[in-house]
Every structure is written in structure tokens, then in C-alpha cells.
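Visitor: Below is one structure. I have some questions about it.
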Amino acid sequence: MVIDFTHTIDNGITSYTEDTKPKIEQIATIDKDHYEERSINIFTHTGTHIDSQRHMLKEGKYIDEYKLEDLMGPAVILDFSNINEKEITKKDLLIHIEEIKKAEFVLIKTGWQKYWCSEKYLTNYPTLTIEAAEYLSSFNLKGVGVDCISIGKSEDEMTLHKIFLEKEILIIENLNLEKIINGLFKLIVAPLKIKNSDGVPVRTFGFI
Numbered sequence: 001m002v003i004d005f006t007h008t009i010d011n012g013i014t015s016y017t018e019d020t021k022p023k024i025e026q027i028a029t030i031d032k033d034h035y036e037e038r039s040i041n042i043f044t045h046t047g048t049h050i051d052s053q054r055h056m057l058k059e060g061k062y063i064d065e066y067k068l069e070d071l072m073g074p075a076v077i078l079d080f081s082n083i084n085e086k087e088i089t090k091k092d093l094l095i096h097i098e099e100i101k102k103a104e105f106v107l108i109k110t111g112w113q114k115y116w117c118s119e120k121y122l123t124n125y126p127t128l129t130i131e132a133a134e135y136l137s138s139f140n141l142k143g144v145g146v147d148c149i150s151i152g153k154s155e156d157e158m159t160l161h162k163i164f165l166e167k168e169i170l171i172i173e174n175l176n177l178e179k180i181i182n183g184l185f186k187l188i189v190a191p192l193k194i195k196n197s198d199g200v201p202v203r204t205f206g207f208i
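Using the UniProt record's numbering, you'd call the opening residue of the sequence shown number 1 and step up by one each time.
Laid out in C-alpha cells, this is it:
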């Protein structure tokens with residue numbers, strides 16, 4: 001079975017500002033032109049997307065410089081959707097330490113994907129504390145993903161990004177974790193290979 005963790009991109013999806021929303025326009029139709037084609041104008045951090053090191057680090061790698069094996073591996077989903085606090089702490093992670101040890105990708109479910117395509121999605125979303133991020137980055141991970149617009153709150157956003165990116169741990173944001181997999185599974189993160197891209201939308205899916 002394959003489970004898709006990707007939001008569909010269209011002109012109305014959640015974005016930081018109106019200026020960064022996708023612009024997908026039909027430029028040819030079968031009836032008029034005998035073929036169909038569209039123009040797609042999107043920012044690098046649109047929809048379900050991946051952050052490369054270069055997003056925050058001047059000497060970091062661009063997306064096209066990562067190897068394919070950096071984008072796949074055993075993964076686990078940690079479900080924190082029932083916690084009352086807006087922060088996920090190191091103590092919360094310690095409960096899942098055995099699962100984390102076996103994984104190369106850790107996906108964090110906060111339940112925030114239920115607000116996708118609404119104004120609420122953009123603010124007050126749950127995040128890791130700095131201590132929790134530092135702890136998680138101490139494991140031999142390839143990537144960390146969240147079902148929120150960012151891995152960090154606005155005041156901590158750069159700090160949390162750098163904690164992971166400095167360890168060469170990729171960040172996946174805006175995941176759709178409505179359907180989750182229990183236990184370890186194989187994850188594939190498939191970005192377009194665009195030269196000098198600091199980030200790019202991805203198709204992210206798991207095999208069980």
C-alpha cells in the first residue's frame with residue numbers, strides 16, 4: 001500500500017501572502033489549439049515542500065546537489081495531535097525514543113493539517129521547542145517533517161531551521177498527515193531537480 005502525504009497545489013492553497021500564491025493558468029486548450037498546456041508560476045516553498053541547506057545557510061547545498069539516497073529511507077510518524085500544549089518538548093519526544101532511533105525520517109503530526117487552506121493555518125500552529133529540536137537533531141536523521149507551514153514559530157523560525165540544516169537534516173513542511181502509518185515504513189521525498197533551488201515542492205509518500 002502507498003500513502004500520499006502531499007497536499008494538492010492549486011491557485012487557492014495556503015501561502016504566507018497573496019503574492020506567494022501559485023499562479024496556474026491554462027494557455028492552450030484541445031478545442032482551440034488541439035493540445036492542452038498550462039503556465040505554472042510558483043515560489044520554491046509552495047505547498048508540501050522541502051527546505052535545502054541553502055534556504056538558511058550561505059554555504060549550504062541546493063536541492064539539485066542532494067543524492068537520491070538522501071531523499072528516501074525508513075520513517076516514523078510521531079502523533080502529537082492530542083497534546084494540549086502548542087509546543088512539543090524534549091520530554092514528549094523521549095516517549096518515542098526507540099522509534100526515533102530506528103528512523104532516518106521523523107514526521108511530526110500535530111493535527112494542524114485540518115486547517116489547511118484557511119487563515120487559521122498560518123498562525124499559532126504547534127512547533128518543537130528549541131531544546132526538542134536540538135535533541136531530535138542529535139539523531140542520525142536525513143529529514144524531519146511537519147504538518148504545519150513552518151517547523152518553527154515566527155520568533156524561533158530561523159533558529160529551528162538552522163538547528164536541523166546545519167546537521168544536513170532536510171526539512172519537509174506542509175505535509176498532509178491526515179492518514180498516518182503506524183510503525184516504521186519506507187518514505188520517499190521526490191523533488192523536481194531544479195538547479196540552484198533553495199527549496200521545491202515535493203511529492204512525499206510512504207510504502208507499507
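Ideal placement from N, C-alpha and C gives every residue a C-beta, glycine not left out.
Locate the alpha helix (DSSP H) running through A133, then write down its first and last residues.
Guide: Working through the sequence shown from its first residue, we reach residue 133 at position 133. Run containing A133: 130–136, per the alpha helix (DSSP H) assignment.
Visitor: Taking the alpha carbon of E155 as the reference point, which residue from T127, D147, N11, I181 has its own alpha carbon closest?
Guide: For the purposes of this step, residue 155 is taken as residue 155 along the sequence shown, with counting starting at 1. Closest by alpha carbon: T127.
Visitor: So, using beta-carbon positions, are G199 and I50 closer together than 8 Å?
Guide: For the purposes of this step, residue 199 is taken as residue 199 along the sequence shown, with counting starting at 1. For the purposes of this step, residue 50 is taken as residue 50 along the sequence shown, with counting starting at 1. If you check the CB distance, G199 and I50 come in under 8 Å.
Visitor: M202 to F105, Cα distance in whole Å?
Guide: Residue numbering aside, residue 202 sits at position 202 when the sequence shown is read from its first letter. Residue numbering aside, residue 105 sits at position 105 when the sequence shown is read from its first letter. Residue 202 is actually Val in this sequence, not Met. Spanning the two alpha carbons is a distance of roughly 15 Å.
Visitor: According to DSSP, what are the bridge partners of T14?
Guide: By one-based count along the sequence shown, residue 14 stands at place 14. For T14, which the question treats as bridged, DSSP gives no partner whatsoever.
Visitor: What is the DSSP secondary structure of M56, counted as helix, strand or coil?
Guide: To locate residue 56, count along the sequence shown from 1; it is residue 56. Three-state result, M56: coil.
Visitor: Work out the CA separation of F80 and I95 for me, nearest whole Å.
Guide: Translated into the one-based positions of the sequence shown, residue 95 becomes position 95. Translated into the one-based positions of the sequence shown, residue 80 becomes position 80. Distance between the alpha carbons of I95 and F80 is about 11 Å.
Visitor: What separation, rounded to the nearest whole angstrom, lies between the Cα atoms of F207 and I3?
Guide: Translated into the one-based positions of the sequence shown, residue 207 becomes position 207. Translated into the one-based positions of the sequence shown, residue 3 becomes position 3. Roughly 7 Å between the two C-alpha positions.
Visitor: Using the Cβ count rule (16 or more neighbours within 10 Å means buried), how would you classify D147?
Guide: To locate residue 147, count along the sequence shown from 1; it is residue 147. D147 is buried by the Cβ-count criterion.
Visitor: For N176, which residues from the same chain have a beta carbon less than 8 Å from its beta carbon, with the 5 sequence-adjacent residues on both sides left out?
Guide: Taking the first residue of the sequence shown as 1, we reach residue 176 at position 176. Here the set comprises D4, F5, T6, H7, T48, Q113, W116, D147.
Visitor: What residue from Y121, K61, K101, S39 has the CA that sits closest to L78's CA?
Guide: Here the question's residue 78 lines up with position 78 in the sequence shown. When each option's Cα is compared against that of L78, the closest is K101.
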